[in-house]
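Chemist: Same order as they appear, the protein sequences are chains W and S. Residue numbers for the first sequence, in this note's numbering: 1 to 242. Residue numbers for the second sequence, in this note's numbering: 1 to 397. Sharing a structure below in structure tokens format, with a few things to ask.
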Amino acid sequence: MNDPRAAAPAHAQGDPAQEVVLRCEGLGRAYEDGDRRVRVLEGVELALAPGEKIAVVGASGSGKSTLLNLLGGLDRPSAGRVLLCGADLATLPERKLCELRNRQLGFVYQFHHLLPEFDARENVAMPLLIRGTARREALARAAQVLERVGLAQRLDHRPSQLSGGERQRVAIARALVGEPACVLMDEPTGNLDPASAAQVLELIDELGALRAAFVVVTHDPAIAARMHRTLELREGRLEPRA
Amino acid sequence: MRLPELQVWVWAWKLWRTRATQALLSVLGVVSGVGGLVLVLAVGAGAQQEMRSALGALGSGTVILQADNHGALDAARLARIGALLPELVEQSTGVAYRQAEVGAGESHPGRARLVGVDSQYASMFSLRLHSGRFVTPYDVVHRSPVCVVGARLGRALFPRRQVLGQVVQYGASWCRVVGVLADNRTRLPDLEGVGVSASDYLLYLPVTTIVGSGSAYALDEITVRFSDEAHLGAGLDSLRRIVERQRAEGEIRVVVPVEVLRQKHRLQQVFQYLLLGATFVLLVVGGTGIMNNMMLNVLSRRAEIGLRRALGATRADIIAQFVSEAMVIAVAGGLAGIILGALSAMLLGWVSDWQTQFSLAAGAAGFAVSLLVGIVFGSYPALQAAAVSPVRSLHEL
Chain W
1 MNDPRAAAPA
11 HAQGDPAQEV
21 VLRCEGLGRA
31 YEDGDRRVRV
41 LEGVELALAP
51 GEKIAVVGAS
61 GSGKSTLLNL
71 LGGLDRPSAG
81 RVLLCGADLA
91 TLPERKLCEL
101 RNRQLGFVYQ
111 FHHLLPEFDA
121 RENVAMPLLI
131 RGTARREALA
141 RAAQVLERVG
151 LAQRLDHRPS
161 QLSGGERQRV
171 AIARALVGEP
181 ACVLMDEPTG
191 NLDPASAAQV
201 LELIDELGAL
211 RAAFVVVTHD
221 PAIAARMHRT
231 LELREGRLEP
241 RA
Chain S
1 MRLPELQVWV
11 WAWKLWRTRA
21 TQALLSVLGV
31 VSGVGGLVLV
41 LAVGAGAQQE
51 MRSALGALGS
61 GTVILQADNH
71 GALDAARLAR
81 IGALLPELVE
91 QSTGVAYRQA
101 EVGAGESHPG
111 RARLVGVDSQ
121 YASMFSLRLH
131 SGRFVTPYDV
141 VHRSPVCVVG
151 ARLGRALFPR
161 RQVLGQVVQY
171 GASWCRVVGV
181 LADNRTRLPD
191 LEGVGVSASD
201 YLLYLPVTTI
211 VGSGSAYALD
221 EITVRFSDEA
231 HLGAGLDSLR
241 RIVERQRAEG
251 EIRVVVPVEV
261 LRQKHRLQQV
271 FQYLLLGATF
281 VLLVVGGTGI
291 MNNMMLNVLS
301 RRAEIGLRRA
311 LGATRADIIA
321 QFVSEAMVIA
331 VAGGLAGIIL
341 GALSAMLLGW
351 VSDWQTQFSL
361 AAGAAGFAVS
371 LLVGIVFGSY
381 PALQAAAVSP
391 VRSLHEL
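Given below as structure tokens:
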């Protein structure tokens, strides 16, 4: 297997002139627990270039999912800000935030969260349908992406008719169909058997050719090894892993 | 970002298609509620139609005097009423009833009602002729052996033959058919027992032919039409005085057909109000069933809601989605209820003497109410769905 770090985009190699897809500045998140204030994240700094793939690792409860929620605009930071394609997520009105999330972000979760009433193609087309794309066009584009992730023969299958690995590939196709600037993955192989996990990993490698940036939260060293950079969350701060 | 409207309905339809049993159970209340509403409207429309028919056929100023015993009314009295109240009475007619076995050749359909009439009768009750003519003054004066048959009796007597010109036997006598009535059942109110019959199983003869000649032959009924309803009060008073003076000759009942109809409709209105109340309760129960079901849906689909939010759906999109799901199920129940209500109205019309009339307006009202139930009872669960936190719901599994 080629070392993916060799193909790291210019920004990852330290070119400050390179455009940034996703940036965190002094990002912090704290929760009130009775009289106690629990700081989960503090002063997180991050800049992600187009096409860059990073892994975020850390112990359980270190705040990885919290970071992902903040990067996706699903949660509001207690301090600092997240800039997605130059827009500060915390200051956007709901409609604009939803539109930005729909157009510039893709999500892949540990549990695929596919809708059981719909077939693979309809599940993948969901972001486009929410965007307002005509149904016929949305389904056609969904079929193309499913073909790309190796599921051309599974277009009309419902989630219950797919294997675990296939479901996760459908979820990845759903994240990519809207051609987002950034894809956020939360333990994408965490719920898969080794064989299915390997398939998904190969797919993530193949997607390296895309211009989308990837943030992958994982416990799996195999996934981290395939990323351009690996960052570790420790005591609320995001630091490069040696 | 707005979801395309069609897409929302497609999603809603797909949801319920895969949860048919759940949908069926939650929609029963709406089915019965809308069915009840359609039935109420059909009864109301039928009652109005019946009243309009009655007023059209009888006029609002019609009064019927009925003799409780033979001899209380006769032709002489009929003449006197006309003479005493010339400025009030527009038209009057006397009727005598008999029952007899009727037959023609091989056909013996059984007993029929013979109605002895004068030439005024047809115009007073707005009877329509299918063919031929009605009883004339000449027939009454000369006791002509002629008759006019009601539409149904004509078909029973002569199933595959022309009725006009045939000879009909009634009891031991004979008459020649000079007229056939059109179907008058839908036009005349069914007031059996007060002198007006919607039945077409009747044989009309000159009154003198069945009760005998002379100037004072006995009558069973005298029908008086006052020139308009405004004269009805004064006319009724005068008639009652005349009847009172002649009480010694026998009891006479004074019947105002329109008033009888109004009483009947008041009874129907009570039924309508009761049914309307029950319908309201059923709709609330039905709506609550839908709301309960939708609340369960919100709980069981929290991850889906979170995912949709993550994919870019706004709170308004989530509300639109859940309200549309409630509307789809409520309207499906409403459509079933409209069919149920229409069938119930037909059944009620068959088993009772109530006229019912299903109309498109009743169907539209049923549809609108079911839509409203969907919106009203789907809104709260939809708001709950929109309030689901995507952060929490996506990590609940």
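Just so you know, even glycine gets a beta-carbon here, dropped at the ideal spot from N, CA and C. What you are looking at is a predicted structure, and each value in this text was computed from that prediction instead of being measured.
(1) Alpha carbon to alpha carbon, how far is VAL207/S from GLU106/S? Give it in angstroms, no decimals.
(2) Relative to the C-alpha of HIS265/S, which candidate in THR18/S, VAL224/S, GLN48/S, TRP13/S has its C-alpha closest?
(3) Tell me, to the nearest whole angstrom, how far the beta carbon of VAL146/S is from that of VAL178/S; I am working on the premise that it is less than 8 Å.
(4) Could you tell me whether the Cβ atoms of VAL30/S and GLY286/S are closer together than 7 Å?
(5) Report buried or exposed for MET346/S, applying the criterion of at least 16 other Cβ atoms within 10 angstroms of its Cβ.
(6) Hey, could you find the ends of the alpha helix (DSSP H) MET295/S is sitting in?
(7) Rounded to the nearest angstrom, how far is the Cβ of ALA213/W from that of GLY106/W, given a contact under 8 Å?
(8) Identify the contact partners of HIS113/W in chain S, using a Cβ-Cβ distance below 9 Å as the criterion.
(9) Cβ of ALA222/W less than 7 Å from any chain S Cβ?
(10) Can you give me the Cβ contacts of GLN91/S inside the same chain, cut-off strictly under 8 Å, excluding the 5 residues immediately before and after it?
(11) Just the chain W side, please: which residues come within less than 7 Å of ASN18/S by C-beta, in chain order?
(12) At a CB-CB cut-off below 7 Å, which residues of chain B make contact with MET185/W?
(13) Is LEU233/W closer than 7 Å to GLY58/W when the C-beta atoms are compared?
(14) Is GLY374/S closer than 7 Å to GLY320/S when the C-beta atoms are compared?
(15) Given that LEU15/S touches chain W, what residues does it touch there, using C-beta distances under 8 Å?
(16) Check the Cβ of VAL298/S against every Cβ in chain W and list those closer than 8 Å, keeping chain order.
(17) DSSP state of GLY193/S, grouped into three classes?
(18) Which one of LEU114/W, ASP220/W, PHE111/W, ARG23/W has the shortest CA to CA distance from GLY73/W?
(19) For LEU398/S, which residues of its own chain have a beta-carbon under 7 Å away from its beta-carbon, when the five flanking residues on both sides are left out?
(20) In chain order, which continuous runs of the alpha helix (DSSP H) of length 4 or greater are located wholly inside the region 109-149 of chain S?
(21) Can you tell me where the beta strand (DSSP E) with VAL177/W in it begins and where it stops?
(22) For ASP317/S, name the three-state secondary structure that DSSP assigns.
(23) Would you say GLN357/S and ALA45/S are within 7 Å of each other, going by their C-beta atoms?
(24) Three or more C-beta pairs closer than 8 Å, one from the region 186-199 of chain W and one from the region 216-223 of chain W: is that the case here?
(25) Taking the alpha-carbon positions, what's the GLY193/S to ALA67/S distance?
(26) Can you tell me the Cβ-Cβ gap for TYR204/S and VAL102/S, rounded? I've got them flagged as a contact below 8 Å.
(27) Chain W partners of THR314/S, CB-CB under 7 Å?
(28) From this set, GLN104/W, ASN69/W, ALA125/W, ARG148/W, which residue's C-alpha is nearest VAL41/W's C-alpha?
(29) Would you identify the three-state DSSP class for GLU206/W, choosing helix, strand or coil?
(30) Tell me whether SER32/S is buried or exposed, calling it buried when 16 or more other Cβ atoms sit within 10 Å of its Cβ.
(31) Ends of the alpha helix (DSSP H) at ASP35/W?
(32) How many Å lie between TRP174/S and VAL180/S at the Cα?
(33) What in chain W is Cβ-close to GLN7/S, meaning under 7 Å?
(34) DSSP three-state call for ALA138/W: helix, strand or coil?
(35) Tell me which residues of the region 372-396 of chain S have at least one Cβ-Cβ distance to chain W shorter than 7 Å, keeping chain order.
(36) Going along the chain, which residues of its own chain have a beta-carbon closer than 6 Å to the beta-carbon of GLY349/S, five neighbours each way excluded?
Modeler: Taking the definition as stated:
(1) 27 Å
(2) GLN48/S
(3) 4 Å
(4) yes
(5) exposed
(6) 257-300
(7) With a Cβ gap of about 10 Å, ALA213/W and GLY106/W do not count as contacting.
(8) ALA303, GLU304, GLY306, LEU307, ALA310, LEU394, LEU397
(9) no
(10) GLN120, SER123, MET124, VAL224, ARG225
(11) It is Thr, not Asn, that sits at residue 18/S in the sequence shown. In chain order: GLU117.
(12) Within the model displayed, chain B is absent; protein chains W and S are what it includes.
(13) yes
(14) The question names Gly, yet the displayed sequence has Ala at residue 320/S. No.
(15) GLU117
(16) In chain order: nothing, as chain W lies at least about 15 Å away.
(17) Residue placement at GLY193/S cannot be trusted, given a pLDDT of 49 that sits under 50; the coordinates are not used to answer.
(18) ARG23/W
(19) The shown model of chain S, from 1 to 397, leaves out residue 398/S, and the question about it has no answer.
(20) 121-124, 137-142
(21) It is not in any beta strand (DSSP E) - VAL177/W carries neither H nor E in the DSSP assignment.
(22) helix
(23) yes
(24) yes
(25) A caution first: GLY193/S carries a pLDDT of 49, below 50, which makes its placement in the model unreliable, though a value can still be read off. Rounded to whole angstroms, GLY193/S to ALA67/S spans 12 Å at the Cα level.
(26) Actually they do not touch by this definition, with Cβ atoms about 12 Å apart.
(27) GLU94, ARG95, CYS98
(28) Looking at the sequence provided, one finds Leu at residue 41/W rather than Val. Of the candidates GLN104/W, ASN69/W, ALA125/W, ARG148/W, the one whose C-alpha sits nearest the C-alpha of LEU41/W is ASN69/W.
(29) helix
(30) buried
(31) Careful: ASP35/W lies outside any alpha helix (DSSP H) and carries neither H nor E.
(32) 16 Å
(33) LEU129, ARG135
(34) helix
(35) PRO390, VAL391, LEU394, HIS395
(36) THR356
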